[in-house]
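Going by this note's numbering, the first residue of the sequence shown is number 104, and it counts up by one from there. Glycine is no exception: its CB is placed at the ideal position from the N, C-alpha and C atoms. In this text, all values refer to a predicted model and were calculated from it rather than measured experimentally. This report refers to the structure that appears directly beneath it.
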Amino acid sequence: MPASIYLPDCMGQATLAPSGAFIAGSYAELTLTYTAGKFGLDDSGMLKISWRTTSDMAKPQFTAPSAPNYTTVEASNGAKLEYWVDRLNVRPWVNTLLIRVGRGFLREGETLTMRLGDRRQGSPGLRLQTNCEERFELKVFVDAFATYEFTEIPLSPGFALVPGPAARWKAILPSLVATGECFRLAIVAEDLWGNPTTIDRPLTIASSRPIANLPAGIAASLHGGPCILDGLTVAEPGDVELRLNDAETGEELGRANPLRAATETPLRHYWGDLHGQSGETVGTNPAESYFRYARDKAFIDIVGHQGNDFQITDKFWQELNRLTAAFDEPGRFVCVPGYEWSGNTGMGGDRNVFYRREGRPIHRSSPIPVPGQVPQFEDCHTAKDLFRTLASEDAVVIAHVGGRYADIRFAHDGRLERAVEVHSTWGTFEWLLHDAFAQGYRVGVVCHSDDHKGRPGATRPGASTFGAIGGRTCYVMPELTRDALFAALRRRRHYGTTGTRMFMDLRATFTEPVIRFLDDPQLGPALEQPVREATMGDIIRPGS
Numbered sequence: 104m105p106a107s108i109y110l111p112d113c114m115g116q117a118t119l120a121p122s123g124a125f126i127a128g129s130y131a132e133l134t135l136t137y138t139a140g141k142f143g144l145d146d147s148g149m150l151k152i153s154w155r156t157t158s159d160m161a162k163p164q165f166t167a168p169s170a171p172n173y174t175t176v177e178a179s180n181g182a183k184l185e186y187w188v189d190r191l192n193v194r195p196w197v198n199t200l201l202i203r204v205g206r207g208f209l210r211e212g213e214t215l216t217m218r219l220g221d222r223r224q225g226s227p228g229l230r231l232q233t234n235c236e237e238r239f240e241l242k243v244f245v246d247a248f249a250t251y252e253f254t255e256i257p258l259s260p261g262f263a264l265v266p267g268p269a270a271r272w273k274a275i276l277p278s279l280v281a282t283g284e285c286f287r288l289a290i291v292a293e294d295l296w297g298n299p300t301t302i303d304r305p306l307t308i309a310s311s312r313p314i315a316n317l318p319a320g321i322a323a324s325l326h327g328g329p330c331i332l333d334g335l336t337v338a339e340p341g342d343v344e345l346r347l348n349d350a351e352t353g354e355e356l357g358r359a360n361p362l363r364a365a366t367e368t369p370l371r372h373y374w375g376d377l378h379g380q381s382g383e384t385v386g387t388n389p390a391e392s393y394f395r396y397a398r399d400k401a402f403i404d405i406v407g408h409q410g411n412d413f414q415i416t417d418k419f420w421q422e423l424n425r426l427t428a429a430f431d432e433p434g435r436f437v438c439v440p441g442y443e444w445s446g447n448t449g450m451g452g453d454r455n456v457f458y459r460r461e462g463r464p465i466h467r468s469s470p471i472p473v474p475g476q477v478p479q480f481e482d483c484h485t486a487k488d489l490f491r492t493l494a495s496e497d498a499v500v501i502a503h504v505g506g507r508y509a510d511i512r513f514a515h516d517g518r519l520e521r522a523v524e525v526h527s528t529w530g531t532f533e534w535l536l537h538d539a540f541a542q543g544y545r546v547g548v549v550c551h552s553d554d555h556k557g558r559p560g561a562t563r564p565g566a567s568t569f570g571a572i573g574g575r576t577c578y579v580m581p582e583l584t585r586d587a588l589f590a591a592l593r594r595r596r597h598y599g600t601t602g603t604r605m606f607m608d609l610r611a612t613f614t615e616p617v618i619r620f621l622d623d624p625q626l627g628p629a630l631e632q633p634v635r636e637a638t639m640g641d642i643i644r645p646g647s
């Protein structure tokens, strides 16, 4: 039997004080006490305290007692200890405080006390993770026999991270509505780190154009969530500007995104974030919370889930498909199944894979972190393998720059890969688009979040990794459905932004008919039709 699962109930226990909850991004002193189990902790045995790979909790330091994040470790029996922080565990629990018994040992019942953010000599404490989490866990692993084999204890300590006071205000409107059509306004208060929080003051609302059923203001809220005003209408065509002001001071707190009212709206503007992942892989919070956040707190129209393929178990793949089917509600909210093919850079790099329907296979770049899976589907070790395997699928692929950058010079299939992601929380990567153009590829541009903080559609930088505001993409479609989304992706009818909801309407009109191709003629025979107007993503040539 592998030592990693050997008698976990005999490996001791850990407790944490205080138990929380804590405000995200605040400073705290956490006292974690490990009590040795039946086997104790042998001479040169070790303890690992690990937290999530993508967490931005501050790194403990051991040399400056009055500075932030000062941390101490003590043995109840006076054993000499060595301790340091490094990336010494298996993702998604890479960040690790490792304690080694350098001289001595622990018997059953003896303890190690770790004070994370030890305040006894003037430190303000440890700066906690800046994004909210239902249960931030400090996983405890024990090498009781000094063999470098670690067993996870049955119950590791954890605590909740909750939002702080309001520091930023958002007013979210649709980008395009028909005159006389009902729409909604969502008002969101965010704390310093971008976590939705309580609307703690009365607000007034000022609009540049009359909006029927729009109140002059809203009262402070005690329930902690956004305020949604439904049933609003605009009678006349034109652009609407809307501002939020403090009802008491008159200070402007925020402005809504642009809203355009038009008499005819054959193509609508829907906002999506197709790229992010939840705590079942390397992100934060459960997948169900991830989808609810996108719909009910970020107020986007379209969302996808892109967990790293090598961290998606067969069971979680089934659960993801169940969730996307349950949350997909045509006309209100589109939820798309998929995964991130996470091949090594030299094998083609990251690709986002989206299926139009549930129940399709996951082709992993490797199954190393999810051992024991029954090989139901073929693994694809290179991006070329991936494109070959997906050739018969109703799927769309987007090249992505993240943990591994997409090398579209190495592999590309224009029948599947219709877009490149040029911005996410990793940064801005216009070179990926230039690579595509240099190869003569026709691709659209998208910007998504690659969210790891449980905030798809509204991701903001934390205090370390992922330092850019997450992107959004506007999909120009006749209706809010999966079919319309896939048609927009395949025809490149979308534009990406670095987090704003800017309004863009790109069209061209011609005095004489031109020929529009219904697909890319570089990929094979394509239907043609004469038109006098073209829009974003169209491929045209002069008429005969």
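Residues near residue i in its chain [Cβ-Cβ closer than 8 Å; skip 5 each side]
{"i": "residue 389", "result": "237, 381, 382 and 383"}
{"i": "residue 630", "result": "620, 621 and 622"}
{"i": "residue 632", "result": "618, 619 and 621"}
{"i": "residue 104", "result": "Residue confidence for residue 104 is low, a pLDDT of 34 falling below 50, so the modelled location carries little weight and cannot support an answer."}
{"i": "residue 536", "result": "523, 525, 546 and 548"}
Integer Cβ distance of residue i from residue j, believed to fall under 8 Å
{"i": "residue 172", "j": "residue 133", "result": "Their Cβ separation, rounded to whole angstroms, is 11 Å, which puts residue 172 and residue 133 out of contact at 8 Å."}
{"i": "residue 243", "j": "residue 117", "result": "5 Å"}
{"i": "residue 372", "j": "residue 577", "result": "5 Å"}
{"i": "residue 347", "j": "residue 357", "result": "5 Å"}
{"i": "residue 308", "j": "residue 318", "result": "7 Å"}
{"i": "residue 555", "j": "residue 157", "result": "4 Å"}
{"i": "residue 235", "j": "residue 127", "result": "5 Å"}
From the options, residue whose alpha carbon lies closest to that of residue i
{"i": "residue 508", "options": "530, 490, 493 and 518", "result": "530"}
{"i": "residue 553", "options": "586, 179, 375 and 239", "result": "375"}
{"i": "residue 355", "options": "342, 368, 316 and 306", "result": "306"}
{"i": "residue 224", "options": "201, 166, 178 and 251", "result": "166"}
{"i": "residue 614", "options": "432, 635, 177 and 433", "result": "635"}
{"i": "residue 505", "options": "422, 560 and 453", "result": "453"}
{"i": "residue 146", "options": "598, 157 and 203", "result": "203"}
{"i": "residue 363", "options": "182, 248, 314 and 214", "result": "314"}
{"i": "residue 503", "options": "290, 253, 411 and 344", "result": "411"}
{"i": "residue 638", "options": "594, 602, 601 and 540", "result": "594"}
{"i": "residue 494", "options": "511, 612 and 456", "result": "456"}
{"i": "residue 275", "options": "585, 335 and 584", "result": "335"}
{"i": "residue 365", "options": "433, 422, 387 and 277", "result": "277"}
{"i": "residue 323", "options": "273, 304 and 181", "result": "304"}
{"i": "residue 269", "options": "563, 149, 643 and 296", "result": "296"}
{"i": "residue 65", "options": "415, 562, 397 and 321", "result": "In the structure as shown, the chain starts at 104 and stops at 647, and residue 65 therefore has no counterpart that could be examined."}
{"i": "residue 396", "options": "557, 180, 161 and 481", "result": "557"}
Which residues DSSP lists as bridging residue i, in chain order
{"i": "residue 403", "result": "According to DSSP, residue 403 bridges with nothing at all."}
{"i": "residue 114", "result": "Residue 114 is not bridged to any residue."}
{"i": "residue 299", "result": "293"}
{"i": "residue 375", "result": "405 and 576"}
{"i": "residue 240", "result": "261"}
{"i": "residue 470", "result": "According to DSSP, which records beta bridges pairwise, residue 470 is partnered with nothing at all."}
{"i": "residue 140", "result": "Answer is none; residue 140 lacks a bridge partner."}
{"i": "residue 554", "result": "379"}
{"i": "residue 636", "result": "612"}
{"i": "residue 443", "result": "411 and 455"}
{"i": "residue 342", "result": "363"}
{"i": "residue 47", "result": "In the structure as shown, the chain starts at 104 and stops at 647, and residue 47 therefore has no counterpart that could be examined."}
{"i": "residue 285", "result": "Residue 285 pairs with nothing; no bridge assigned."}
{"i": "residue 645", "result": "617"}
{"i": "residue 187", "result": "201"}
Neighbourhood of residue i by C-beta distance below 6 Å, restricted to the same chain and skipping five residues each side
{"i": "residue 460", "result": "none"}
{"i": "residue 176", "result": "184, 186, 202 and 217"}
{"i": "residue 271", "result": "293"}
{"i": "residue 611", "result": "637"}
{"i": "residue 240", "result": "259 and 261"}
{"i": "residue 289", "result": "275, 329, 331 and 402"}
{"i": "residue 124", "result": "263 and 265"}
Contacts around residue i, its chain only, beta-carbon distance under 7 Å, and the 5 residues preceding and following it disregarded
{"i": "residue 413", "result": "445, 467, 468, 469, 470, 471, 472 and 473"}
{"i": "residue 394", "result": "406, 426, 430 and 438"}
{"i": "residue 106", "result": "In this prediction, residue 106 has a pLDDT of 46, which is less than 50 and means its spatial position is unreliable; what the coordinates show is noted afterwards. The answer, listed in chain order, is 250, 252 and 254."}
{"i": "residue 587", "result": "580 and 581"}
{"i": "residue 115", "result": "137, 138, 139, 140, 245 and 256"}
Stretch pair the region 399-406 + the region 428-439: three plus CB contacts closer than 8 Å: yes
Would you call the region 625-632 and the region 572-579 touching, i.e. three or more CB-CB distances under 8 Å? no
For the region 257-277 against the region 292-300, are there 3 or more C-beta pairs whose distance is under 8 Å? yes
Please confirm if the region 266-285 is in contact with the region 330-345, defined as three or more CB-CB distances below 8 Å between the two stretches. Cβ pair count under 8 Å is three or more, so yes.
Given 8 Å as the limit, is there contact between the region 486-497 and the region 515-523, that is, 3 or more CB pairs closer than that? yes
Counting beta carbon pairs with one atom in the region 187-195 and one in the region 126-141, are three or more of them shorter than 8 Å? no
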